[in-house]
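Single-structure report; data block below.
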Amino acid sequence: MTPRPAHIAIVGGGTAGWMAACLFARHWGPQGCRITLLESSEIGIIGVGEGSTPYLRHFFAELGITEAEWMPACQASYKSGIRFPGWSTVAGYQSYVHPFFNEQDLSTGSAFFVNACLRRRGVDADANPQDFFIAAALAAQCRAPVARPADDGRAPATDYAYHFDAGLLGQFLRRHAQGRGVVHRIGTVARVQRHESGAIEALQLADGEQLAADFFIDCSGFRGLLISETLGEPFISYKHSLFNDRAIAIPTALDAKAPIPSETNSTALRHGWAWQIPLQSRYGNGYVYASDFVSDDDAETELRAHLGPAAEGQPARRLQMRVGRVERHWRDNCLALGLSQGFIEPLEATALMLIQFAVAEFIASVDAAGLGPAAQSPYNRRVNQMFDGVRDYVLGHYRLNTRTDSDYWRANRANTAGADRLLSLLEVWDRGGDFEAELSRHGDALMYQRPSWYCLFAGMGRFPAQLRPPQHGILSGAQARAAIAAIAAAFPTHREQLQSLIQRPS
Ligand SMILES: Cc1cc2nc3c(=O)[nH]c(=O)nc-3n(C[C@H](O)[C@H](O)[C@H](O)COP(=O)(O)OP(=O)(O)OC[C@H]3O[C@@H](n4cnc5c(N)ncnc54)[C@H](O)[C@@H]3O)c2cc1C
Numbered sequence: 003m004t005p006r007p008a009h010i011a012i013v014g015g016g017t018a019g020w021m022a023a024c025l026f027a028r029h030w031g032p033q034g035c036r037i038t039l040l041e042s043s044e045i046g047i048i049g050v051g052e053g054s055t056p057y058l059r060h061f062f063a064e065l066g067i068t069e070a071e072w073m074p075a076c077q078a079s080y081k082s083g084i085r086f087p088g089w090s091t092v093a094g095y096q097s098y099v100h101p102f103f104n105e106q107d108l109s110t111g112s113a114f115f116v117n118a119c120l121r122r123r124g125v126d127a128d129a130n131p132q133d134f135f136i137a138a139a140l141a142a143q144c145r146a147p148v149a150r151p152a153d154d155g156r157a158p159a160t161d162y163a164y165h166f167d168a169g170l171l172g173q174f175l176r177r178h179a180q181g182r183g184v185v186h187r188i189g190t191v192a193r194v195q196r197h198e199s200g201a202i203e204a205l206q207l208a209d210g211e212q213l214a215a216d217f218f219i220d221c222s223g224f225r226g227l228l229i230s231e232t233l234g235e236p237f238i239s240y241k242h243s244l245f246n247d248r249a250i251a252i253p254t255a256l257d258a259k260a261p262i263p264s265e266t267n268s269t270a271l272r273h274g275w276a277w278q279i280p281l282q283s284r285y286g287n288g289y290v291y292a293s294d295f296v297s298d299d300d301a302e303t304e305l306r307a308h309l310g311p312a313a314e315g316q317p318a319r320r321l322q323m324r325v326g327r328v329e330r331h332w333r334d335n336c337l338a339l340g341l342s343q344g345f346i347e348p349l350e351a352t353a354l355m356l357i358q359f360a361v362a363e364f365i366a367s368v369d370a371a372g373l374g375p376a377a378q379s380p381y382n383r384r385v386n387q388m389f390d391g392v393r394d395y396v397l398g399h400y401r402l403n404t405r406t407d408s409d410y411w412r413a414n415r416a417n418t419a420g421a422d423r424l425l426s427l428l429e430v431w432d433r434g435g436d437f438e439a440e441l442s443r444h445g446d447a448l449m450y451q452r453p454s455w456y457c458l459f460a461g462m463g464r465f466p467a468q469l470r471p472p473q474h475g476i477l478s479g480a481q482a483r484a485a486i487a488a489i490a491a492a493f494p495t496h497r498e499q500l501q502s503l504i505q506r507p508s
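First residue of the sequence shown: 3, per the numbering used here; consecutive thereafter.
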């Protein structure tokens, strides 16, 4: 069996490069694997990417890093879910939440699933997820999704994620990786030297130095210096199904005394959607849009109007996005991670999760089967499944929109490209068929689980227009809202919780 790499060279010092460096150092460092991370001082990092999924908690846990250590250093805040105002125009469903789930959701959450099924079948039962999941009440009350322990010392389990400053997170991870023996080099790759076999032999740097290694990780961003430019791996674009290919980011101030929200806001605008991410000291804002439908200048005007006076005088960063994925992420002695391997627009903030998943799978795969070609196909299949599965779910938001204010939204609603799985789920949902069985039928191809699909379809108000009155005994939205508000009131405020991290010795 081919052994694991003796020397790994990582090209790129963005979030992907440093996350990979930390994980390789943790798993293979103790076995003598050397890791060098090279980054260019001339080519910057993307510098956005401030939201996450709950999977990121495993990353820090695996590295043995506590919240008190990393969160204050990265201006990080807690995230209880994502709110989507303006995607649907259906009465009662103009804003809904994709919550992270909570052990205490059990009773109201069960009622939500029952109500959603009744409503699909024509019964007038309330089924907006924002009324039934504690995450929504936590966000409404600006509370942290971190439960206080009860008298028995046990706190109810809560799923949550984080918001953070991307630049500070990179710096934090760099210090952590260097502390575990990762060598940091500054230099720009000018040429890539290859073996006769086609595999990568060494990186020639612009200053005349050379970096040789036996395995190379491409974290060079959208350009894909090793995987695309050097190895010529084909890129599968998602542009025909996900139209957005541009973004503009504008930070705004956060009132130092006001309560800090604990959810991402993803508000639909005329040609895309605007994110608002609350950090400890500022908001990260941005507009994700499609250049086929609006110019960069008009998009910036629209974003500034949306943000109001808070954006006056604030600089805007314009970004281009390459949306899709490479065909093979692992090829020869090269693994692509982060933006070089692919990107699904940031609606569900999944990019760091995909990096984590790709590294974890790679380590498990090499530990089990070595570095030989036999391990590569199953690995690439699994990573592709993950990318395509996230794409399917993100696509659902566009397909289900009911806006009529622009060609952009109409075209998104009419678009069926790349939507086979989504359309088959929708068909069963719409006819009131066995949705659970349909979800099971797709098995591992679905990246998102049952509750997320229910929250998306129900949250967008995808129900029959004609409804008959409900029987007695079902929970109304108002009753559920009162129940989750009472549970949420026992959680600390977001500010209190963040303050406690600073005061707590790490
Ligand atoms: C608008 C937008 C919003 C996003 N929001 C989210 C979000 O909410 N959540 C999330 O998880 N993700 C999000 N992402 C994605 C996230 O930003 C990236 O996945 C993450 O930052 C990783 O980027 P990277 O490290 O792959 O690339 P980059 O940050 O671009 O880093 C590339 C690195 O490669 C180096 N490099 C390039 N060429 C050379 C060379 N020739 N020689 C040496 N070094 C070189 C550069 O110096 C740099 O260090 C978003 C992305 C965009 C565009």
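Yeah, the Cβ is synthetic: ideal placement off N, Cα and C, and Gly gets one too.
Per-residue DSSP class, three states only, for residue i
i: Trp72; result: helix
i: Gly93; result: The displayed chain sequence assigns Ala, not Gly, to residue 93. Three-state DSSP puts Ala93 in coil, outside helix and strand.
i: Val280; result: Inspection of the sequence shows that residue 280 is occupied by Pro rather than by Val. DSSP places Pro280 in strand when its eight states are reduced to three.
i: Phe61; result: helix
i: Pro239; result: Position check: residue 239 holds Ser in this sequence, whereas Pro was assumed. Reduced to three states, the DSSP call for Ser239 is strand.
i: Gly479; result: helix
i: Glu438; result: helix
i: Val116; result: helix
i: Glu203; result: strand
i: Val392; result: helix
i: His9; result: strand
i: Ile188; result: strand
i: Arg123; result: coil
i: Gln317; result: As written in the sequence, residue 317 is Pro, which differs from the Gln given in the question. Coil at Pro317, not helix or strand.
i: Ile262; result: coil
i: Asn287; result: strand
i: Phe102; result: coil
i: Cys144; result: coil
Check whether residue i and residue j have beta carbons under 8 Å apart
i: Leu425; j: Phe389; result: no
i: Phe465; j: Arg85; result: no
i: Ile67; j: Gly16; result: no
i: Ile37; j: Ala18; result: no
i: Gly53; j: Ile279; result: yes
i: Leu397; j: Gly420; result: yes
i: Pro494; j: Asn267; result: no
i: Ala301; j: Tyr285; result: no
i: Leu256; j: Ile262; result: yes
i: Asp422; j: Ala338; result: no
i: Ser222; j: Gly14; result: yes
i: Leu207; j: Thr190; result: yes
Alpha-carbon to alpha-carbon, residue j and residue i
i: Glu503; j: Ala214; result: The question names Glu, yet the displayed sequence has Leu at residue 503. Their backbone Cα atoms lie some 42 Å apart in a straight line.
i: Thr269; j: Pro375; result: 45 Å
i: Gln499; j: Val148; result: 8 Å
i: Ala70; j: Ala351; result: 23 Å
i: Phe345; j: Arg470; result: 44 Å
i: Ala485; j: Asn130; result: 15 Å
i: Ser367; j: Gln343; result: 18 Å
i: Arg497; j: Cys144; result: 8 Å
i: Ile136; j: Arg59; result: 19 Å
i: Glu347; j: His178; result: 29 Å
i: His273; j: Trp411; result: 7 Å
Buried versus exposed call for residue i [16 or more other C-beta atoms within 10 Å across all chains shown]
i: His242; result: exposed
i: Met3; result: Confidence in Met3 is poor, its pLDDT being 47 and thus under 50, which makes the residue's placement unreliable; the coordinate value appears in the next sentence. Met3 should be labelled exposed.
i: Ser199; result: exposed
i: Ile238; result: exposed
i: Leu40; result: buried
i: Asp436; result: exposed
i: Ser508; result: Unreliable positioning characterises Ser508 in this predicted model, as indicated by a pLDDT of 49, which lies under 50. The coordinate reading is nonetheless provided below. Its Cβ having fewer than 16 others within 10 Å, Ser508 is exposed.
i: Arg333; result: buried
i: Lys81; result: buried
i: Ser283; result: exposed
i: Gly2; result: What is shown of the chain runs 3 to 508, which leaves residue 2 out entirely.
i: Arg6; result: buried
i: Ile188; result: exposed
i: Leu25; result: buried
i: Ser230; result: buried
i: Glu438; result: exposed
i: Glu304; result: buried
Presumed contact (8 Å Cβ cut-off) between residue i and residue j, rounded CB distance
i: Ala127; j: Pro472; result: 5 Å
i: Asn287; j: Leu309; result: 6 Å
i: Ala490; j: Ala139; result: 4 Å
i: Ile557; j: Arg196; result: Nothing can be reported for residue 557, as the shown portion of the chain is limited to 3 through 508.
Proximity test, residue i beta-carbon vs ligand 2 heavy atom, cut-off 7 Å
i: Leu227; result: Looking for ligand 2 in the displayed structure turns up nothing; the ligands present are ligand 1.
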